[in-house]
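Remarks on the structure that follows.
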Amino acid sequence: MFTMLAVLVYVAAMAIPIYLLHHYHSQAWHWHVLAVIASIVLGLAPLPDGFQGRGFDLMLGFVFVSLLFWGAGGLLVYHPAHHKHA
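All the letters of the sequence shown, read from the start, carry residue numbers 1 to 86 under this note's numbering.
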């Protein structure tokens, strides 16, 4: 059961940023760079002893994958010619 939950959480972690990028388009490039940097810092940070467990691992993995997909996806589909400044 936990394996199926983990698969669903990680599929949602990939699907939500892809949907947001498709629906709202990419933001300014620096927000996406910050999201990639935040995901890398979050992924490399050591875990405190009290926060180790399946639920925390799923939450941390969801945030990590979501930030990474949103950041990298926004950088890959960013087209400055499409963004008009008023």
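Every residue, glycine too, gets a C-beta built ideally from N, C-alpha and C.
Does at least one heavy atom of the ligand MG sit under 6 Å from the Cβ of Leu34?
Only the bare structure without any ligand can be found here, which leaves the ligand MG out of the picture.
Does the segment 36-47 come within contact of the segment 62-75, defined as at least 3 CB pairs closer than 8 Å?
The segment 36-47, when compared against the segment 62-75, does touch it at the 8 Å Cβ threshold.
Go through its chain and collect everything with a Cβ distance to Gly43's Cβ below 7 Å, but skip five positions before and after it.
Excluding sequence neighbours, Gly43 sits near Phe64.
Contact check, Phe62 vs Val9 under 8 Å by CB: the rounded distance?
5 Å between Cβ atoms; contact.
Need the endpoints of the alpha helix (DSSP H) that Ser39 sits in, please.
Start and end: Trp29 to Leu44.
Environment of Leu67 [buried if 16+ CB atoms lie within 10 Å]:
It counts as buried.
Which stretch, first to last residue, makes up the alpha helix (DSSP H) that contains Asp49?
From DSSP, Asp49 is part of no alpha helix (DSSP H); its letter is neither H nor E.
So, at 6 Å on beta carbons, what are the nonlocal neighbours of Leu75 in its own chain, with the 5 sequence-adjacent residues on each side left out?
Around Leu75: His32.
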